[in-house]
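Heads up: the structure comes next, in structure tokens.
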Amino acid sequence: MIRRLLLAGAALGLFATPALAADPLAATGRWSANTDGSAPTPPMGWNSWNAFNSDVDEEKVLASAQALLDTGLVKLGYRYVNIDDGWWLKRRQPDGRMLIRTDHFPSAATGRDPSFRPFTDRLHAMGLKAGIYSDIGRNSCGQIYTPDFKNQPEGTVAEREIGLYGHIDQDIALYFRDWNFDFIKVDACGIRGLPADAPRVRSGLYRALPPLVDMQSLGGSDVAGIRGLYQQVGGAIRRYAGDRPYVFSLCLWGAGDVRAWGKDVGNSSRTSDDIQPIWTRMLTNFDTVTHRALYAHPGSWNDPDMLFVGTGDFDTAHPVEARSHFSLWAMLNAPLIIGYDLRKLTPELLTIFGNADLVALNQDAAGNQAVLAYDSDDVQIFAKTLADGSKGVAIFNRTAAPTKAVLTADHLKLLPSADVRLHDLWSKADSRFRGETTLTLAPHETRVFRASGTRRLANGLYLSEQTGRVNPAVDGVATPQADPTIHHSPTPWGGTRGTGDHPQYGGWGGAEADRAPYGKLMRVAGREYDTGIGILANSRLEVRNQGFTRFSAQVGVNDSGQKAGKITFEIWGDGQLLGRSPAMAFGTPAAPMQADVRGVAIVELVARASDGAIQPATWAEAALSR
Ligand code: GAL
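What the sequence shown shows, in mature numbering (1 follows the signal peptide of the UniProt record, and there is no 0), is residues -21 to -1, 1 to 605, in sequence order.
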């Protein structure tokens, strides 16, 4: 009888107490951010959406592909040629095979089973890669949100279910094994917009799918459910791409707390809703990645959406804005995906897409997304440590007025007593300064330099100088919250109707480089630090050690915390405990910690809340050195 009760209890999950669950702070000795697929640097290429919306066809795509060759952009790395929404005709019944709109893609008319294989063969023969688009639900964004969408899928309700839901294995086998695509962008409207009471469900157009995503409610989104579906897609791609390199691009627009887990599942992950060719909308998209340097690594990048260089506020009549948009995406290691009809490419636009120095910043092998060195609503300074130890630096004037900005050697973690050499990546002019220099910025201008001088840390790297090797595996955010600091722009579809844009992009309180969580000042017991990692307690950072012998930091509770609650800091090397601090209280000066990490591949930094209250942990001056 007791045994029967126990079994029944187990079935109901009654005995699944947290005590039995694995300790998420236990060191694993592993790097857990995604490294599958092929994105050691941010993907580069072209996509049809910003240029053509759903009115895409083979001629337009191949013309832009040809332009990548003719202009030499392919040599700079623009290799992926991606079809977005609008390619599908229907899902054939009863076998479920996806059919292509062959009147738009004539080479796909290969008999009873249309195939993109001739199209991808053609791109591959041009030295390019081919990308396709799908949705994680049953239906696409165009079907759900756009009434006047060109090229809607046709047929019965079942035939119009062109998304992956229920067909992950079948579709991914078709796209990667049979059609030989190299890249897939997986959108998520189908798990967002089809509740039973949606007008298009009630009218019988589409089947209801209880939404997993609620853009306005992190609590109301089924984060585990969404993640599980994307993981299934990732698994299928691994199976069907075989040994071929691939890119898996998540398009969940910053919903479902994807900024915390997208890095573990795909090669890039959208952090916001769609970019528009409007200055303020570019700011919104940009702001969704600026505090998230620690969430981007070789193999998994933050994606603020595709480039709109060439259109609207970024067209040839607005070269300053066009250069700014491009510079910022390059600095933040965003995928550089051109969204312009390249048949219309002008020499002016080519100098932007083709700025090899900017592309080199974006594609730098170290894979460090730029870190905010100075922040305000008007001017921002971003610094990025490059593989050769030199720096990229961008000074960004967000405002419509000219301004002056002071750049200091400290922003770059270079010694103020020695010369800092600057090479302007737009004008190509060289200059030098000591201590600080004042720069003049036109309205909306971004000045970008490559900088070198005498490094403050001569024989190592601060962790915030190697964000590509630091992964907040557990970032201490227990309850996902939307970030209120992201620029709020009107949506083009709503304008100023209603009550406006509300915070909706998760990530508030996440781990930060050179700042405390919530963008606060890094300060312990009154002492300020300008470098370190700020992360909420009950967290675990994984750090790849590239041949350094010593880890050191000053650890303590950040002054932005509360009086209650202590933190114990631990350093682990390949799963072995190397050091543990006493329980540190609020207001106690930071304590030095160091560990011999010779031969250690993965250093783990654990911050445990020792009496339950959650505090911001500061790993000030955290560095790996020789
Ligand atoms: C959106 C997506 C866009 C584009 C569009 C197609 O959800 O964010 O980048 O793919 O769908 O309908």
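Glycine included, each C-beta is placed from N, C-alpha and C at the ideal position.
Closer than 7 Å to some heavy atom of the ligand GAL: that describes the Cβ of residue 166. In the structure shown, residue 498 adopts helical secondary structure according to DSSP, grouped into three states. Residue 112 sits in a strand when the DSSP states are folded into three classes.
Residue environment: residue 551 is assigned as buried (16 or more neighbouring CB atoms within 10 Å of its CB, all protein chains considered).
Rounded to the nearest whole angstrom, the C-alpha separation of residue 200 and residue 421 is 42 Å. DSSP places residue 266 inside the alpha helix (DSSP H), whose first and last residues are 258 to 269. Cβ neighbours of residue 36 within its own chain (closer than 6 Å, five residues either side excluded): 83.
Closest option to residue 570, judged by alpha-carbon separation, among 583, 596, 160, 591: 596. Boundaries of the beta strand (DSSP E) harbouring residue 382: 382 to 387, taken from the DSSP string. Two segments are said to touch when three or more pairs of C-beta atoms, one from each, lie closer than 8 Å; by this definition the region 164 to 178 touches the region 227 to 239. At a threshold of 7 Å, residue 150 does not count as near the ligand GAL, since its beta carbon sits no closer than that to any of the ligand's heavy atoms. Taken atom to atom, the span from the alpha-carbon of residue 34 to that of residue 15 is near 32 Å. With a cut-off of 8 Å on Cβ pairs, the region 538 to 557 is in contact with the region 580 to 598, counting three or more such pairs. The nearest non-hydrogen atom of the ligand GAL is 7 Å or more from the C-beta of residue 176. For residue 572, the enclosing beta strand (DSSP E) stretches over residues 570 to 575. DSSP places residue 100 inside the alpha helix (DSSP H), whose first and last residues are 96 to 104. Between the region 41 to 55 and the region 332 to 350 there are three or more C-beta pairs closer than 8 Å, enough to call the two in contact.
Counting along the chain, residue 531 sits inside the beta strand (DSSP E) bounded by residues 529 to 536.
Runs of the beta strand (DSSP E) lying entirely within the region 429 to 479, each at least 3 residues long, are 439 to 441, 449 to 453 in chain order. Distances taken from the Cβ of residue 63 to the heavy atoms of the ligand GAL include one shorter than 7 Å. Around the beta carbon of residue 2, fewer than 16 other beta carbons lie within 10 angstroms, which makes this residue exposed.
In the assembly as shown, residue 438 is an exposed residue. Its beta-carbon has fewer than 16 other beta-carbons within 10 Å. Residue 488 has its Cβ no nearer than 7 Å to any heavy atom of the ligand GAL. Rounded to whole angstroms, the Cβ separation of residue 491 and residue 498 is 7 Å, and the two are in contact under 8 Å. The DSSP-derived three-state label of residue 507 is strand.
For residue 247, the enclosing beta strand (DSSP E) has its first and last residue at 247 to 249. The way I'd put it, the region 88 to 104 doesn't touch the region 118 to 128; fewer than three beta-carbon pairs between them come closer than 8 Å. Taking the Cα positions, residue 402 is about 9 Å away from residue 431. Annotated three-state conformation of residue 282 is strand, per DSSP.
For residue 382, the closest of 357, 482, 371, 566 by C-alpha to C-alpha distance is 357. For residue 539, same chain residues with a beta-carbon under 6 Å away, outside a window of 5 residues either side, are 495, 499, 595 in chain order. In the DSSP annotation of this structure, the continuous segment of the beta strand (DSSP E) that includes residue 23 starts and ends at 23 to 26. Annotation for residue 152: 219 place their beta carbon closer than 6 Å to its own, counting only its chain and skipping 5 residues before and after. In this chain, the beta strand (DSSP E) harbouring residue 415 covers 415 to 420.
Distances from the CB of residue 121 to the heavy atoms of the ligand GAL include at least one below 7 Å. When the Cα atoms are used, residue 359 and residue 309 turn out to be separated by approximately 15 Å.
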